[in-house]
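>
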Amino acid sequence: MSIPLDNLYHWVRDQSHYPLSLYVFRPHGSKKISSMDNLSHQSVHSIRSAPPVICNDQEPLNYEFYHWRLENFDFFAEKYHFKDDVKTIMIDVHSLLNLDQKNLHMVPLLQKTYYDRSILLHSEKNSQDLISYQQQGFICVHYWCHAIISRDWFRYAQHDNKLCLMREPTIDFLIHARDWSGTREYRLKFLELLVDADLVNQSKIMFQSEVDGNRFDQHRFNNKNFQIDHNKLKSISIQSIPSWSSATYDANDYNDCLISVVLETIFDGSKIHLTEKICRALACGHAFILAAGPGSLKYLRHYRFKTFSDFFDESYDDEDDSLVRLQKIVKVMKTIQSLPMDQKLKIKEIADYNRRWFFSNEFHSIVATELKDNLDAAYVEMQNHIGNNYRAIRAALTKRRTPTDDILNEDKDALSWIRTNRRVKKIEL
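Written as structure tokens, this is what we have:
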């Protein structure tokens, strides 16, 4: 899904007390190093003196992504004038493809910064990918990116009188399972479990049999525990659903159904990366079961949302085994199916609280303050990583023969600025 996000990143930059230089992937959602670009035009002074921030907050971190990505080869071949055969190029480029400190300096603008490290903006917890990037020297900054995005995408839900009607639902479960490729392959196993548990008739399911030209019955599972009997899914209605559908909502879906079974992008493993999928349920005032990494419900409660342990078992959130977690979720669904109607309506009361809290100024302030504090702490730490690049730029400046040149004067101003600001005292957060 390609959605313009520059306004978000201008807001992110404004949260810091200190100047930062943001680098985004264009189009948004791309992961190519060659797609990285400065958020907006900056002077030489700003580029050199403001710590670089790589914005990888919308998409999950994927440390292995940059290894052997064929679409990057043309970029490197052109940049480095490779003349060898393809096999040799692959060997030479292999060590250059990952998003680490030395490779970031292949981005032309990042060659001009004084800093030997970069800040990595992200939105995940319990992540081995995050640990890998930290080991590469990134200064990592967390905030809940999709909470901010979704308050914009679903802003009409705050005033939509069709939502949160206290009427009896006609269907128990609302399930969006459009895409089942990549990290979403667990959704196919989940749908098979629904068929086995005889829950399909009590579920409104958005599912399509083909994604990007690939059929689900031809999918090769990365996790063999998710292998399915493809014939079982033939009982589920097939639809054609656009990729941008996750940024919209239909009020009738949320009134007709009691509870959303939210199938997040990241489920298999320990990583927590919550997106617009759970935010849509929050914004629409819908109760939810959350199929995501273990600990995701605790993550939501950290931001003061209420979950539903008074009504059904939420211990699935503590289960590390992905297949067992799916099975526990289906078991919870069976329990919900048998709840009396007065209990189901009480569940809707908690969901309405979450809706009001999601759009509250206080919730926005919590997310924004977390970002501000983490950016400021990262800025302070970055002042300890002005070294090799700074000395190289300074040495290059002293060799210039035209001291009245505008660029040289601007560089001198930048050098003076950084000498002053690298002495910044550690701030109390």
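The numbering used here applies: residue 4 is where the sequence shown begins, and numbers increase by one.
Backbone N, C-alpha and C fix where the C-beta goes; we use that ideal spot for every residue, glycine too.
Can you grab the Cα-Cα spacing for the pair ILE174 / VAL47, in whole Å?
Numbered from its first residue, the sequence shown carries residue 174 at position 171. Numbered from its first residue, the sequence shown carries residue 47 at position 44. Going by the C-alpha atoms only, they are around 59 Å apart.
> I need the DSSP call for ASN65, collapsed to helix, strand or coil.
Walking along the sequence shown from the start, residue 65 turns up at place 62. Note: ASN65 maps to coil in three-state DSSP.
> Rounded to the nearest angstrom, how far is the Cβ of LEU42 from that of ASP9, given a contact under 8 Å?
By 1-based counting over the sequence shown, the position of residue 42 is 39. By 1-based counting over the sequence shown, the position of residue 9 is 6. With a Cβ gap of about 7 Å, LEU42 and ASP9 count as contacting.
> Can you tell me the Cα-Cα spacing of ILE281 and ARG51, whole angstroms?
Counting from one through the sequence shown, the residue named residue 281 turns up at place 278. Counting from one through the sequence shown, the residue named residue 51 turns up at place 48. Looking at the two C-alpha atoms, the distance is approximately 39 Å.
> On the CB-based measure, 16 or more other CB atoms within 10 Å of its CB, does THR338 come out buried or exposed?
The sequence position of residue 338 within the sequence shown is 335, counting from 1. THR338 should be labelled exposed.
> Quick one: is ASP320 buried, meaning 16 or more other Cβ sit within 10 Å of its Cβ, or exposed?
By 1-based counting over the sequence shown, the position of residue 320 is 317. By the 10 Å Cβ count, ASP320 comes out buried.
> Would you decide whether HIS13 is buried or exposed? Buried here means 16 or more other CB atoms lie within 10 Å of its CB.
Position 10 of the sequence shown, counted from the first residue, corresponds to residue 13. When all chains shown are included, HIS13 counts as exposed.
> Count the other CB atoms within 10 Å of the CB of ASN228; is the residue buried (16 or more) or exposed (fewer)?
Your numbering for residue 228 matches position 225 in the sequence shown. Burial call: exposed.
> Which class does LYS207 belong to by DSSP, given the choice of helix, strand or coil?
As a working note, residue 207 is residue 204 in the sequence shown. Strand at LYS207.
> Helix, strand or coil for ILE389, going by three-state DSSP, please let me know.
Counting from one through the sequence shown, the residue named residue 389 turns up at place 386. Here ILE389 sits in strand by DSSP.
> Say whether the stretch 143-153 touches the stretch 121-129, bearing in mind that this needs 3 or more beta-carbon pairs closer than 8 Å, one atom from each stretch.
The stretch 143-153, when compared against the stretch 121-129, does touch it at the 8 Å Cβ threshold.
> Work out the CA separation of HIS367 and HIS305 for me, nearest whole Å.
Stepping through the sequence shown from its first residue, residue 305 is reached at position 302. Stepping through the sequence shown from its first residue, residue 367 is reached at position 364. Straight-line Cα distance between these residues: approximately 14 Å.
> Which residues in the same chain have their Cβ closer than 7 Å to the Cβ of PHE315, if we skip the five residues on either side of it in sequence?
For the purposes of this step, residue 315 is identified with residue 312 of the sequence shown, where counting begins at 1. VAL335, THR338, ILE339, listed in sequence order.
> Less than 8 Å between the CB atoms is what I'm expecting for ALA290 and ALA354, so what's the real figure, rounded?
If you number the sequence shown from 1, residue 290 lands on position 287. If you number the sequence shown from 1, residue 354 lands on position 351. Correct: roughly 4 Å between the Cβ atoms.
> When the Cα atoms are used, what is the spatial distance from LYS351 to ASP324?
Taking the first residue of the sequence shown as position 1, residue 351 is located at position 348. Taking the first residue of the sequence shown as position 1, residue 324 is located at position 321. Near 30 Å, if we compare the C-alpha coordinates of ASP324 and LYS351.
> Here's the rule: buried if 16 or more other CB atoms are within 10 angstroms of the residue's CB, otherwise exposed. What is HIS276?
Walking along the sequence shown from the start, residue 276 turns up at place 273. The residue is buried, with at least 16 neighbouring Cβ atoms inside 10 Å.
> Please determine whether the Cβ atom of LYS192 lies at a distance below 7 Å from any heavy atom of the ligand NAD.
The model depicted lacks the ligand NAD and carries no ligand whatsoever.
> May I ask you to report which of helix, strand or coil DSSP gives ASP132?
Along the sequence shown, read from residue 1 onward, the residue named residue 132 stands at position 129. Helix.
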